[in-house]
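Written below as structure tokens is the structure these notes are about.
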Amino acid sequence: MDDYVAGRVAPLVIDRAEGAWLFDRDGRRYLDGNSSWWVASLGHRHPRLVRALLDQAGKLAHTALAGLTHEPAVRLAQELVEIAPAGLSRVLFSDDGSTAVETALKLAVQFWAQNGQPTRRRIVALEGAFHGDTAGATALGGVELFRRPFAPLLVEPLRLPSPADGEEHSLEELSRLLTTRGDEIAALIVEPMVQGAAGMRCHGASYLRGVRELTRAHDVLLIADEVFTGLGRTGTMWACQHAGITPDLLCTAKALGGGMLPFAATLVTDRIFRGFLGGKERAFWHGHSFTGNPLGAAVAREVLAVYRDEEILVRASRKAERLATLAADLAKIPGVRGARHLGMIAAFDLAGGGYLGGAGWQVYEEGLRRGAYLRPLGDTVYLTPPLNIAEGELDELCEIFAAAVATGC
Ligand SMILES: Cc1ncc(COP(=O)(O)O)c(C=O)c1O
Numbered sequence: 034m035d036d037y038v039a040g041r042v043a044p045l046v047i048d049r050a051e052g053a054w055l056f057d058r059d060g061r062r063y064l065d066g067n068s069s070w071w072v073a074s075l076g077h078r079h080p081r082l083v084r085a086l087l088d089q090a091g092k093l094a095h096t097a098l099a100g101l102t103h104e105p106a107v108r109l110a111q112e113l114v115e116i117a118p119a120g121l122s123r124v125l126f127s128d129d130g131s132t133a134v135e136t137a138l139k140l141a142v143q144f145w146a147q148n149g150q151p152t153r154r155r156i157v158a159l160e161g162a163f164h165g166d167t168a169g170a171t172a173l174g175g176v177e178l179f180r181r182p183f184a185p186l187l188v189e190p191l192r193l194p195s196p197a198d199g200e201e202h203s204l205e206e207l208s209r210l211l212t213t214r215g216d217e218i219a220a221l222i223v224e225p226m227v228q229g230a231a232g233m234r235c236h237g238a239s240y241l242r243g244v245r246e247l248t249r250a251h252d253v254l255l256i257a258d259e260v261f262t263g264l265g266r267t268g269t270m271w272a273c274q275h276a277g278i279t280p281d282l283l284c285t286a287k288a289l290g291g292g293m294l295p296f297a298a299t300l301v302t303d304r305i306f307r308g309f310l311g312g313k314e315r316a317f318w319h320g321h322s323f324t325g326n327p328l329g330a331a332v333a334r335e336v337l338a339v340y341r342d343e344e345i346l347v348r349a350s351r352k353a354e355r356l357a358t359l360a361a362d363l364a365k366i367p368g369v370r371g372a373r374h375l376g377m378i379a380a381f382d383l384a385g386g387g388y389l390g391g392a393g394w395q396v397y398e399e400g401l402r403r404g405a406y407l408r409p410l411g412d413t414v415y416l417t418p419p420l421n422i423a424e425g426e427l428d429e430l431c432e433i434f435a436a437a438v439a440t441g442c
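See below:
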């Protein structure tokens with residue numbers, strides 16, 4: 034804002050978008066290197082999604098999902114359950130990633146409060162985590178910079194070291210925590226396989242399996258925040274599938290709305306669902322005005338249909354190899370550290386300035402000059418393009434990225 038207010042930079046005004054491309058009002062075009070904050074996994078304005086939106090808008094744009102229901106929401110819930118890790122059988126809709134996480138937190142705490150273990154009130158979260166910007170989700174975030182201003186509002190979770198800093202150590206700490214304080218803990222929340230917004234910090238599937246074993250042994254609920262990783266970003270439909278685990282709750286958003294509308298869901302097991310039956314005072318008193326909005330639900334159904342019909346995951350796996358090659362090539366550039374890739378994610382660290390560093394922003398500026406939108410996470414630069422980007426476009430994006438990174442080193 035300082036730069037805008039002082040007139041040092043002009044806003045880049047995007048006029049339209051199509052597929053992997055953003056077009057500004059001067060007619061310049063940019064490859065969308067981060068799928069517009071990871072929502073446009075099927076690119077921009079996929080014709081089938083536009084059609085689904087228009088068709089639904091012609092019938093029913095909104096109704097409360099309270100005492101009433103409608104076909105898009107019911108069918109979407111069924112379709113999500115069909116593709117979810119086995120055992121997740123109930124769906125609660127909300128608006129975005131943050132509200133999907135808030136929903137999971139409140140479900141976890143209320144579940145124990147009314148099912149015989151009211152001392153289980155604490156949430157365990159990881160260092161380096163990001164779970165959203167609402168107050169509950171902000172409290173879980175593991176990046177101090179994002180939490181500090183809001184401290185008076187936040188309920189502090191118990192913290193675990195990030196697996197990105199040592200998987201064994203993190204598991205040992207978890208084991209110790211569960212052994213000593215397990216009966217205080219309602220749930221553990223993780224971003225499976227990769228901590229995204231805090232800097233694309235990856236961990237292995239065995240870590241996730243370890244987390245599942247320990248939480249199960251101590252009957253602590255496991256929340257998988259798949260807001261970023263879900264819907265194919267890491268190579269499997271859900272990142273939990275790398276480890277073959279089923280969490281007790283799973284949050285999905287971003288790509289679910291097809292890059293068109295905010296839309297989110299929290300999936301839970303039947304055990305949790307049943308923990309809310311048995312009288313009005315046991316109900317989950319939580320619901321957003323736009324919960325299950327028909328437009329969003331219709332688009333989300335079409336998103337899932339496009340994944341099926343266009344074999345998005347199979348085709349993305351070839352493109353993921355291109356990102357792996359890019360990671361190997363860029364790792365050779367002096368100044369590039371920690372090259373990593375997983376599915377349709379490739380990330381690199383520059384300069385070591387962390388989230389407030391400037392090197393990533395040099396890459397960003399150079400990217401714009403060369404025709405790509407490469408918004409960094411501080412000094413972490415990364416690519417998370419649409420999963421259905423054309424192979425030629427991906428090559429072009431990788432070339433621009435490599436050239437831009439070279440200028441940032
Ligand atoms: C893992 C994760 N959870 C939750 C969120 C919050 O999602 P939203 O911005 O849609 O509220 C994000 C956003 O980046 C995220 O990466």
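According to our numbering, numbering within the sequence shown proceeds without interruption in unit steps and concludes at 442. Note that CB positions come from ideal geometry on N, CA and C, so glycine has one too.
beta-carbon residue i near ligand 1 non-hydrogen atom, thresh 8 Å
| i | result |
| --- | --- |
| E160 | no |
| V42 | no |
| H164 | yes |
| K92 | no |
| D412 | no |
| S203 | no |
| A316 | no |
| G229 | yes |
| A170 | yes |
| E206 | no |
| C235 | no |
| W71 | yes |
| D65 | no |
| E246 | no |
| V260 | yes |
| P463 | The structure shown does not extend to residue 463, since the chain is modelled only from 34 to 442, so the question has no answer here. |
| A452 | No information on residue 452 is available, as it lies outside the stretch 34 to 442 that the chain covers here. |
| V332 | no |
| P295 | yes |
| V176 | no |
| C273 | no |
Cβ neighbour criterion (16 or more within 10 Å) applied to residue i
| i | result |
| --- | --- |
| L430 | buried |
| A94 | exposed |
| H202 | exposed |
| M34 | exposed |
| A97 | exposed |
| L427 | buried |
| L432 | Correcting the residue type first, residue 432 is Glu in the shown sequence and not Leu. Exposed. |
| G37 | For clarity, residue 37 is Tyr in the given sequence; the question names Gly instead. Flag for Y37 reads exposed. |
| F454 | Residue 454 lies beyond the range of the chain shown here (34 to 442); nothing can be said about it. |
| T358 | exposed |
| V46 | exposed |
| V227 | buried |
Test item: CB-CB of residue i and residue j under 9 Å
| i | j | result |
| --- | --- | --- |
| L75 | A288 | yes |
| G169 | K139 | yes |
| I256 | V396 | no |
| R214 | L191 | yes |
| T413 | F434 | no |
| V42 | V157 | no |
| G66 | R408 | yes |
| L264 | V336 | yes |
| G292 | A73 | yes |
| A162 | W271 | no |
| C235 | T136 | no |
| L211 | T167 | no |
| A485 | A85 | The question about residue 485 has no answer here: the residues shown for the chain are numbered 34 through 442. |
Residue i: CB within 8 Å of a non-hydrogen atom of ligand 3
| i | result |
| --- | --- |
| G130 | Because ligand 3 does not appear in the structure shown, any question about it cannot be addressed here, the ligands present being ligand 1. |
Check whether the segment 419-427 touches the segment 42-57, counting contact only when three or more Cβ pairs, one atom from each stretch, lie closer than 8 Å. With a cut-off of 8 Å, the segment 42-57 and the segment 419-427 count as touching, because enough Cβ pairs lie within range.
Check whether the segment 365-385 and the segment 111-125 touch, using three or more Cβ-Cβ pairs below 8 Å as the test. Contact between the segment 365-385 and the segment 111-125 is absent, because fewer than three Cβ pairs lie under 8 Å.
Does the count of Cβ pairs from the segment 296-314 and the segment 119-134 closer than 8 Å reach three? Contact holds: three or more Cβ-Cβ distances are below 8 Å.
Determine contact between the segment 224-235 and the segment 311-319, defined as no fewer than three beta-carbon pairs at a distance below 8 Å. Touching, no.
Is the segment 138-153 touching the segment 216-230, taking contact as three or more C-beta pairs under 8 Å? Judged by Cβ distances under 8 Å, the segment 138-153 makes contact with the segment 216-230, as three or more pairs qualify.
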